[in-house]
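In what follows, a single structure is set out as structure tokens and then discussed.
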Amino acid sequence: PNAQLTVDPAFRVGEADRRIFGSFVEHMGRCVYGGIYEPGHPNADSRGYRRDVLDLTREMGVSVVRYPGGNFVSGYRWEDGVGPVGDRPRRLDLAWKTIETNAFGLDEFMTWAAEAGVEPMMAVNLGTRGMPEACDLLEYANHPGGTQLSDLRRKHGAEQPYGVRLWCLGNEMDGPWQVGHKTADEYGRLAAETARAMKMIDPSISLVACGSSNRGMPTFAGWEATVLEHTYEHVDYISAHTYYDPSDGDRASILASAVDMDAFITEVTATADHVGAKLRQKRKLKVSFDEWNVWYQSRLQADLDRRGWVEAPALIEDDYTADDAVVVGDLLITLLRHADRVGVACQAQLANVIAPIRTRNGGPAWRQSIFHPFALTARHARGTVLRTEPVGPTYPTERYGDVPVLDTVAVHDEETGGLAVFAVNRGPDALPLDLDLRGLPGLRGEAHTTLSAGDDPAATNTEADPERVTPRELTTPTLDGGRCTVALPATSWNLLRFV
Ligand code: AHR
Numbered sequence: 002p003n004a005q006l007t008v009d010p011a012f013r014v015g016e017a018d019r020r021i022f023g024s025f026v027e028h029m030g031r032c033v034y035g036g037i038y039e040p041g042h043p044n045a046d047s048r049g050y051r052r053d054v055l056d057l058t059r060e061m062g063v064s065v066v067r068y069p070g071g072n073f074v075s076g077y078r079w080e081d082g083v084g085p086v087g088d089r090p091r092r093l094d095l096a097w098k099t100i101e102t103n104a105f106g107l108d109e110f111m112t113w114a115a116e117a118g119v120e121p122m123m124a125v126n127l128g129t130r131g132m133p134e135a136c137d138l139l140e141y142a143n144h145p146g147g148t149q150l151s152d153l154r155r156k157h158g159a160e161q162p163y164g165v166r167l168w169c170l171g172n173e174m175d176g177p178w179q180v181g182h183k184t185a186d187e188y189g190r191l192a193a194e195t196a197r198a199m200k201m202i203d204p205s206i207s208l209v210a211c212g213s214s215n216r217g218m219p220t221f222a223g224w225e226a227t228v229l230e231h232t233y234e235h236v237d238y239i240s241a242h243t244y245y246d247p248s249d250g251d252r253a254s255i256l257a258s259a260v261d262m263d264a265f266i267t268e269v270t271a272t273a274d275h276v277g278a279k280l281r282q283k284r285k286l287k288v289s290f291d292e293w294n295v296w297y298q299s300r301l302q303a304d305l306d307r308r309g310w311v312e313a314p315a316l317i318e319d320d321y322t323a324d325d326a327v328v329v330g331d332l333l334i335t336l337l338r339h340a341d342r343v344g345v346a347c348q349a350q351l352a353n354v355i356a357p358i359r360t361r362n363g364g365p366a367w368r369q370s371i372f373h374p375f376a377l378t379a380r381h382a383r384g385t386v387l388r389t390e391p392v393g394p395t396y397p398t399e400r401y402g403d404v405p406v407l408d409t410v411a412v413h414d415e416e417t418g419g420l421a422v423f424a425v426n427r428g429p430d431a432l433p434l435d436l437d438l439r440g441l442p443g444l445r446g447e448a449h450t451t452l453s454a455g456d457d458p459a460a461t462n463t464e465a466d467p468e469r470v471t472p473r474e475l476t477t478p479t480l481d482g483g484r485c486t487v488a489l490p491a492t493s494w495n496l497l498r499f500v
């Protein structure tokens, strides 16, 4: 039998926050150097920003960019990256065994972010540093003037404060790999004290406390509970990070990665709500899913072990397949489905490092397979997210048991009346889907765009063949009495648009 999907505007989840379409620029590998910034590149502007990467960032529809790390931030001294470039120190970056030249820093990032049309999201170092340095950074960035640090910013050319609204209180502090790793109590106290002081400087900011580095961490859930007991009243978000690794070749499981992300979000919000109830807090926290992606993670350690201290090495430059694009599309569906509780999300990272945008130093930039579902979702998921309850077959997986073949979400733009239905077929066969849109009378089909991995799941985009994995248009759906049947190709991500 066909799979079934009914969309009805009565079943509202919440607004699709633009901040869900965030990305992440870390001082790691060639994300900054050779990625967004490459002075001397034929395409670079006078400040060294690669125009081709700026164009692709805008085309992707990226809303927020988190900076400067990641694990990097836990050993970073932000003041190394401001002032005359010739005076900036070269430092050891312990996180990635790299020499950091500091040629690019806070002021360069803020100018780049304005040029890219993205909102900056800053992380402070709570690994090797603490509350005073976080306050200094906030004063430099957001205080209008008349103090040493705000005047220093003005001296460096930024007369107006940057007005950064989103701040992460450290990064993955639960991870033993983190420089300055802490217990939940140690981190919770530090984060609470830092949050209180930062909000004294600028009460308009929103703060993110570190949640778990992934759902499989041995401390998961207990970590969130303890951290939030310290920080709940001072923060606005609890973070979540997750990466899905296809290296073991278990295709059925990797295609179901969104099942794990879905459970993760549910568990984090349940934990936050439990602490909120215990503390008699009425205000609900949101999740900042500020690192997520597919990552062939098992390749990293060998890479780090192989080399000494170098500048901007090529690090985790994964080539994404058509299958990976379907997974990324499904992860975006999951983030949207939780629009009532996920307020920020950042795909990690933007350029070269596990990234939708790849570049060659001195050469071109191109779109990886995963670029496409991100760009199309960011463009078309506008308005109110509607809850959908698809009915369809299931299939067995090693990692997650029986999972649905079909995953969906719908977004209704109340201003234009348009409807976007996002649907992933995780299965190896085409899936006929009966759509019932009678709850939204007067619609007509506009387009059925698909990115299908069925024919060639391992296909990638390369410098030589940058358009191999791209979305294609299928027959426009025709509604008859508010219903239609569409065919979702084998292992595919789909966008069905109605106006
Ligand atoms: O995005 C790569 C790394 O993954 C980040 O630095 C870290 O936060 C995470 O473990």
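Note that the UniProt record's numbering has the sequence shown beginning at 2, numbered continuously upward. Backbone N, C-alpha and C fix where the C-beta goes; we use that ideal spot for every residue, glycine too. Note that this is a predicted model, so its numbers are computed, not measured.
In the DSSP assignment, find the alpha helix (DSSP H) that holds C32 and state where it starts and stops. Here residue 32 refers to the residue found at position 31 when the sequence shown is read from its first residue. Judged by DSSP secondary structure, C32 falls outside any alpha helix (DSSP H); it is assigned neither H nor E.
Please name the residue in D56, G158 and V422 whose C-alpha comes closest to that of G446. In the sequence shown, residue 446 corresponds to position 445, counting from 1. Nearest Cα to G446 within the set D56, G158 and V422: V422.
So, with DSSP's three-state summary, where would you put H339? Residue numbering aside, residue 339 sits at position 338 when the sequence shown is read from its first letter. Here H339 sits in coil by DSSP.
Nearest-angstrom beta carbon gap, G483 and L438 [assumed within contact, 8 Å]: Counting from one through the sequence shown, the residue named residue 438 turns up at place 437. Counting from one through the sequence shown, the residue named residue 483 turns up at place 482. 5 Å between Cβ atoms; contact.
Spatially closest choice to Y244 from G250, A259, V236 and P442, by CA coordinates: Against the sequence shown, residue 244 aligns to sequence position 243. Minimum Cα distance to Y244 is reached at A259.
Looking only at its own chain, which residues have a Cβ that is under 7 Å from the Cβ of R20, when we skip the five neighbours before and after it? By one-based count along the sequence shown, residue 20 stands at place 19. Setting aside the 5 residues that flank it on each side, R20 is surrounded in the same chain by S64, V65, G344 and V345, each with a C-beta closer than 7 Å to its C-beta; the list follows chain order.
Which partner residues of V65 appear in the DSSP bridge assignment? The residue labelled residue 65 in the question sits at position 64 within the sequence shown. DSSP, once it has assigned bridges, lists E120 as partnering V65.
Have a look at E474, L153 and F12 and flag the residue whose alpha-carbon is nearest the alpha-carbon of L452. The count along the sequence shown starts at 1 and reaches residue 452 at position 451. From the listed residues E474, L153 and F12, the smallest Cα separation to L452 is found for E474.
Which residues in the same chain as P458 place their Cβ atom closer than 8 Å to its Cβ, once the five residues preceding and following it in sequence are excluded? Indexing the sequence shown from 1 puts residue 458 at position 457. The residues are R252, T322, A323, D324 and T492.
For E464, which of P472, G363, Y233 and G418 has the nearest alpha-carbon? On the sequence shown, residue 464 is found 463 positions in, with the first residue counted as 1. The option with the nearest alpha carbon to E464 is G363.
Measuring only the C-alpha atoms, how far is P467 from A349? The sequence position of residue 467 within the sequence shown is 466, counting from 1. The sequence position of residue 349 within the sequence shown is 348, counting from 1. One C-alpha to the other measures close to 21 Å.
Who are the near neighbours of A196 in its chain, counting only those whose CB is closer than 7 Å to its CB and skipping five residues on each side? Within the sequence shown, the letter at position 195 stands for residue 196. Only L170, L208, T232, H235 and V236 meet the Cβ criterion.
Suppose contacts are defined by Cβ-Cβ distances below 8 Å. Is P391 in contact with L377 by that definition? To locate residue 391, count along the sequence shown from 1; it is residue 390. To locate residue 377, count along the sequence shown from 1; it is residue 376. Not a contact, by the Cβ cut-off of 8 Å.
Rank A278, D108 and D456 by C-alpha distance to the C-alpha of S151 and give the top, closest one. Here residue 151 is taken as the residue at index 150 of the sequence shown, counted from 1. Measuring from the Cα of S151, the nearest candidate turns out to be D108.
With respect to the beta strand (DSSP E) encompassing Q5, which residues constitute its N-terminal and C-terminal limits? On the sequence shown, residue 5 is found 4 positions in, with the first residue counted as 1. Run containing Q5: A4 to T7, per the beta strand (DSSP E) assignment.
The ligand AHR heavy atoms versus the CB of S299: any closer than 7 Å? As a working mapping, residue 299 is identified with position 298 in the sequence shown. Outside the cutoff, so no.
Whole-angstrom distance between R155 and Q149, CA atom to CA atom: If you number the sequence shown from 1, residue 149 lands on position 148. If you number the sequence shown from 1, residue 155 lands on position 154. Computed Cα separation, rounded: 10 Å.
Flag this pair as yes or no: are the beta carbons of D261 and Y163 separated by less than 8 Å? Residue mapping note: residue 261 aligns to position 260 of the sequence shown, counting from 1. Residue mapping note: residue 163 aligns to position 162 of the sequence shown, counting from 1. If you check the CB distance, D261 and Y163 do not come in under 8 Å.
Straight-line Cα distance separating V83 from L444: One-based indexing of the sequence shown puts residue 444 at position 443. One-based indexing of the sequence shown puts residue 83 at position 82. For L444 and V83, the distance between alpha carbons rounds to 53 Å.
State the CB to CB distance for the pair A379 and G62, rounded to an integer number of angstroms; the pair is presumed to be in contact (CB under 8 Å). Looking up residue 379 in the sequence shown gives position 378. Looking up residue 62 in the sequence shown gives position 61. Taking a contact as a CB-CB distance under 8 Å, the pair A379 and G62 counts as one, their CB atoms being some 3 Å apart.
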